[in-house]
Amino acid sequence: MISRRQALTDGAAAITAGSFLLSGIQQAQAAQPATATPAQSITDQQPMPPAQPGKDYTPVVTPNGVSLPFKIVDGVKVFHLIAEEVDHEFAPGLRAKCWGYNGRTSGPTIEAVEGDHVRIYVTNRLPEPTSVHWHGILLPNGMDGLTGLTQKAIPPGETFKYEFTLRQHGTHMYHPHFDEMTQMGLGMMGAFIIHPRNPKTRPDRDFAIMLSEWRIDPGTSRPNPLEMIEFNVLTMNSKAFPATAPLVVKLGDRVKVRFMNLGAMDHHPIHLHGMNFKVTEINGGDVPEAGQSLGNTILVAVGETRAFEFIADAPGDWAMHCHMTHHVMNQMGHNSQNMVGVKSAKLDKKMESLLPAYMTMGDTGMGGMSDMAMPMPENSIPMSGGKGPFGVIDMGGMFTIVKIRKDLPTYEDPGWYDHPKGTVASTATTNDLNRDNIEIPKSGN
Amino acid sequence: MISRRQALTDGAAAITAGSFLLSGIQQAQAAQPATATPAQSITDQQPMPPAQPGKDYTPVVTPNGVSLPFKIVDGVKVFHLIAEEVDHEFAPGLRAKCWGYNGRTSGPTIEAVEGDHVRIYVTNRLPEPTSVHWHGILLPNGMDGLTGLTQKAIPPGETFKYEFTLRQHGTHMYHPHFDEMTQMGLGMMGAFIIHPRNPKTRPDRDFAIMLSEWRIDPGTSRPNPLEMIEFNVLTMNSKAFPATAPLVVKLGDRVKVRFMNLGAMDHHPIHLHGMNFKVTEINGGDVPEAGQSLGNTILVAVGETRAFEFIADAPGDWAMHCHMTHHVMNQMGHNSQNMVGVKSAKLDKKMESLLPAYMTMGDTGMGGMSDMAMPMPENSIPMSGGKGPFGVIDMGGMFTIVKIRKDLPTYEDPGWYDHPKGTVASTATTNDLNRDNIEIPKSGN
Amino acid sequence: MISRRQALTDGAAAITAGSFLLSGIQQAQAAQPATATPAQSITDQQPMPPAQPGKDYTPVVTPNGVSLPFKIVDGVKVFHLIAEEVDHEFAPGLRAKCWGYNGRTSGPTIEAVEGDHVRIYVTNRLPEPTSVHWHGILLPNGMDGLTGLTQKAIPPGETFKYEFTLRQHGTHMYHPHFDEMTQMGLGMMGAFIIHPRNPKTRPDRDFAIMLSEWRIDPGTSRPNPLEMIEFNVLTMNSKAFPATAPLVVKLGDRVKVRFMNLGAMDHHPIHLHGMNFKVTEINGGDVPEAGQSLGNTILVAVGETRAFEFIADAPGDWAMHCHMTHHVMNQMGHNSQNMVGVKSAKLDKKMESLLPAYMTMGDTGMGGMSDMAMPMPENSIPMSGGKGPFGVIDMGGMFTIVKIRKDLPTYEDPGWYDHPKGTVASTATTNDLNRDNIEIPKSGN
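Chains as they are written, first to last, in our numbering: chain D, 1 to 445; chain F, 446 to 890; chain Y, 891 to 1335.
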């Protein structure tokens, strides 16, 4: 939040009760005696000069994504979102016609700084009306984007202008507030990151990951937005592992990872291997240091944003993924049958006479399936499987890797977070994993 | 919690180890050296004189609900709950035979004050036994209401007496602890609010909202309590939008909203538009100020109560709703088919020969459905739709509106939170929403 | 965490940046000026002398479970886990072929102390490969157990050696990171508790409870690991009520209960009756006192560990259970039909001609079902039902009882937390539950 003093020295002299209240209920209480004075309109606050990327803030990295460009017109940061159909690849082998913004799903990340005045044009190129809700952002009621309640829907072909001053910082989101089931179910969502104006510290690496979930039946070409319960494509920034770009950082970096969840129903517990983090931000609000604790898993509920920070002090390849079993699997793992423990030789023989080349899968577990060369339905991805330095990584969906290295290409290198090509190996103690010469204790354990 | 000193001056001289422990584990630790002295029975604590509404506390408002009347008999607050079948309207068009208390679901809100001694008669007018568990409330074991473990079930036709002293404050609940699946699935639940005895501050407006979920198949007359997964009527105080009463507050008010969740399986993330709040209470315990942070979404898990507070500093109409997509829709949005992108003209023609007036819905999205005059099955509600100042609000279910106004009818006005009738309009910046004369930046964005 | 000073006096002189960073991001910040110095390898830290149970820490009690024995070899604590098929009883009447460790599911609890150096042999006696991930534990990358990424899978018949120094304390877990769907779905998981080295206080009683969920269709002999949505056996340490061992404690004890959740998809809100607790640990990190609040329900998400502490100041039998309705029911409550309110006499007559002895169940609610002598399918358990001092406790699944007594058998008594045999009765105010002679207030309430 912009402090009273800072706002004054920056020339925003017209401190309103409204802006002051934002710095916390306690302060509000101190300021307001028994009979509360009604706050002035929140539209009174003066904007500050537009902040510059690199100089005033470290830009966010959106893995598999981009930030939305802007231009400054008369001291206003002007953005342009275009709602439209998108031909999207979730992972090699699986494409679908989705809806998104500016040619992509998730939409581009909007980045700005506390005190900036922003103007955002939204052009509707969908076959039905839409609107944009700026989720978590303090703004005048008419800018809130809720069709019917605060504005008319934007008809196909038209452009709507949203405009407001950013009076807070934090991880926020944008999404339609019209026919949400369809429009969000088809991929319309994006990050809206507001950096603090003059932070005491900045992360070295700052990542933004949007979590979402889809129902795409094998062979179909569109996600089904009417699915309510059982989703079969789980994504980070609309990509499923192995297509999720890893987060590559330098040993010793202070890393911030911001998660946003605009899925339909699942609250995702994201688990980080190898390091402890502190949750520093919940739904756009800074968590006070006195309330922070170390941990390794963060529950990001639907409609929530949460961020954690850690020091990348452990070199190697560390998984970061949703811990719900079926959220780290892809399409083909869903809707199978339990064959564990079934003696399949006889069955295979019977089936073979009907279906040449029939083979029962899963009778000793499902572990081989990622690796198996089996015929796949058109437009589908197997249940899991990425290539790792020690064989197949039998994960899918909401799974990615944090790669911590001593030396890195410069952050600006465009190929910087490409998939590694064969050069990746655990830097730590692979030598220690020698399975010869073990001494197993004898007595009972 | 009642402090040691306060309890003493109020005459409750017999401070027990039990009551002292309540003020926190740390304090308990200080009081108890290495070898812990077993606490005295918690039944020792003396009750305090019964507190008066208005004078000693600001009564809670239960939107679409009421508080349970009581009478004071020999210094005891005496309440009477009647468990019975209820003919309930969820929203215009949808009624069902439910089970509840005193003619309603959710049951009436029980309100009392820390230190009050309460006696609650429970009369069973159901066709099967029942009991009442006072969820979250510290009391003697025999009063806990768990049939089989702490009491026999209350047979149909009989009345049971519960009695205990309130040794804490906070947002709590009551519900059966016998055949929970049926009895809670049919609507038996209510709020039990215990106000602090001498709080430093009081909210100007204090709301209590019970979240629950139901399965009511179109055309049936009873909720199905056996549904485990897919609920199709999502409610606040047993009402679905547009039947949910808005929360009307005055500009500048300090507002507290208490949520309770006694649904069967969904943890609901409630999102507030337009203002930041602080979570001040979790499961009846005050959140220390050092641990509070600003936010806009609160996850209320099944069996939990959580409350937030905010200053109503932003005039206008602000949505407050569960963010799970299908929880802001009503019955008819469930169990439909994905028609997005399907060229329907041909299909319509074919179908028309079979079903006159057939019309494919949803081929350009589902946005028009709220508004559509189509034949509905008996006893059902469309997927969504309330009337707003700017057209249809295409939401349903667990959705309501916080209305912040400069001038209000007095709080006592019984018609006070009726639905607004055409006079509601955004007070903020509607004028700014002029879509003529926009200047769209040219280069690439 | 091990403090800098303590580590020094214990002879672990080589304080590394890595270990120092562990004590919190704030401290890390203080230590690292603008240009962060890359941390040294985390493998540098010196182990401490192995700690002794009883002397250096109070051992954890795993209800229905055991701790894994170890032997000390050259200052190293050596454990041996054997992954294998297990014939497991969930509750009397329901057995299934599961997968687990050392003859049981959940696997035995691994217990050690901060600073211990541990070596864990894992022998694979399953029909498919496996690996072990030490969930939440800080260790070298090659020890992380993620097949494909940090190691090759352990083939059937082989033994793998994991070895690392424990640089933290807290409640952690172990589970496979290969074919997780099958291996965790069949029961492979266990607790890994690391006690602090020199804690200021210790709990008098310390319990560890692993939450998991299964799909076992009546009549089948194996859990179905492919189920994604609807589980019908919900367990604490792989037992369903009434088979869950109660937690027996002495009046006045400081009690710690650690929950771990390695189910496939449900986040469980565990509700404690009768006492307030404080959440003291989340995902292995101590919650600072300034951020703790009193409560009665704790949401344990998938992949999470959380612990609470309370003073057992209320004598009696207090339920502790998941609050999701269908998680406190067993198999047979699932997949039934709604008969509430159906006039069944006519139907019964019709059915009787087809099915002699047919009886409609549930037409006045489901409350009688726990008690009903009805024919059950082979290998199945009824929806609920344990014997209590006041009749049937109609709960099942993820439900247990905290028994608080003035006098107890010594903790070492092996029969100590057997089921009570008829001697249990509420010690508190049963006498007060006299339903004769009640005075019901007349006017309106």
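Positions of the beta carbon are idealized from the N, C-alpha and C atoms, including for glycine.
For residue i, decide whether its Cβ has a neighbour in chain D, counting only Cβ atoms nearer than 7 Å.
| i | result |
| --- | --- |
| S657/F | no |
| N741/F | yes |
| G990/Y | no |
| N1031/Y | yes |
| D1034/Y | yes |
In chain order, what residues of the same chain have a beta carbon less than 6 Å from the beta carbon of residue i, not counting five sequence neighbours either side?
| i | result |
| --- | --- |
| T689/F | M681, T845 |
| A1024/Y | Note on identity: in this sequence residue 1024/Y is Trp, with Ala being the wrong assignment. Contacts found: Y1064. |
| V132/D | V122, G145, Y174 |
| I727/F | R751 |
| L583/F | R612, Q613 |
| E84/D | R125 |
Quick one: residues in its chain with C-beta nearer than 7 Å to the C-beta of residue i, no 5 flanking neighbours on either side, listed in chain order?
| i | result |
| --- | --- |
| G115/D | I2, P47, M48, L166, R197 |
| N677/F | R660, I661, Q776, H779 |
| Q628/F | W544, T575, P621 |
| E603/F | N569 |
| P50/D | I72, G75, K77, D116 |
Counting only the same chain and skipping the five closest in sequence on each side, list residues whose C-beta sits under 8 Å from that of residue i.
| i | result |
| --- | --- |
| T150/D | N141, G142, M143, D144 |
| K701/F | P648, R650, D651, F652, T725, A752, F753, E754 |
| K866/F | For K866/F, the predicted structure reports a pLDDT of 32, less than 50, and the residue's modelled location is therefore unreliable. The matter cannot be settled from this model. |
| G730/F | G615 |
| N276/D | L294, G295, N296, F310 |
Looking at chain F, is there any beta carbon in it that lies within less than 7 Å of the beta carbon of residue i?
| i | result |
| --- | --- |
| V287/D | yes |
| L1189/Y | yes |
| E84/D | no |
| E1194/Y | no |
| G1286/Y | no |
| E180/D | yes |
| A290/D | yes |
| M324/D | no |
| G1278/Y | yes |
Quick test of your reading: residue i and residue j, contact by CB under 8 Å. State the CB separation rounded to the nearest angstrom.
| i | j | result |
| --- | --- | --- |
| A986/Y | I1271/Y | That belief does not hold up - the Cβ atoms of A986/Y and I1271/Y are roughly 11 Å apart, past 8 Å. |
| L692/F | K851/F | So it is not a contact: roughly 16 Å between Cβ atoms. |
| S1128/Y | T995/Y | 5 Å |
| P998/Y | V956/Y | 5 Å |
| E675/F | M329/D | The Cβ separation is near 22 Å, so there is no contact. |
| P1159/Y | A636/F | Actually they are not in contact, since the Cβ atoms of P1159/Y and A636/F sit about 18 Å apart, beyond 8 Å. |
| H716/F | L744/F | H716/F to L744/F, Cβ: 10 Å. No contact. |
Given that a residue counts as buried once 16 or more other Cβ atoms are within 10 Å of its Cβ, and exposed if not, what is residue i?
| i | result |
| --- | --- |
| I962/Y | exposed |
| T646/F | exposed |
| G1109/Y | exposed |
| A1180/Y | exposed |
| P687/F | buried |
Would residue i pass as an interface residue toward chain Y - the criterion being a Cβ-Cβ separation below 7 Å?
| i | result |
| --- | --- |
| Q596/F | yes |
| G593/F | yes |
| P572/F | yes |
| K695/F | no |
Listed in chain order, which residues of the segment 260 to 285 of chain D have Cβ atoms closer than 7 Å to some Cβ of chain A?
Of the protein chains in the structure, D, F and Y, none is chain A.
If contact is defined by three or more beta carbon pairs under 8 Å, each pair taking one atom from either stretch, is the segment 169 to 176 of chain D in contact with the segment 213 to 224 of chain D?
no
Any contact between the segment 1201 to 1221 of chain Y and the segment 310 to 326 of chain D? By contact I mean 3 or more CB pairs, one from each, below 8 Å.
no
Should the segment 555 to 570 of chain F be called in touch with the segment 521 to 528 of chain F, which here means at least 3 C-beta pairs below 8 Å?
yes
Could you check whether the segment 123 to 130 of chain D touches the segment 177 to 187 of chain D, counting it as contact only if at least three pairs of C-beta atoms, one from each stretch, sit closer than 8 Å?
yes
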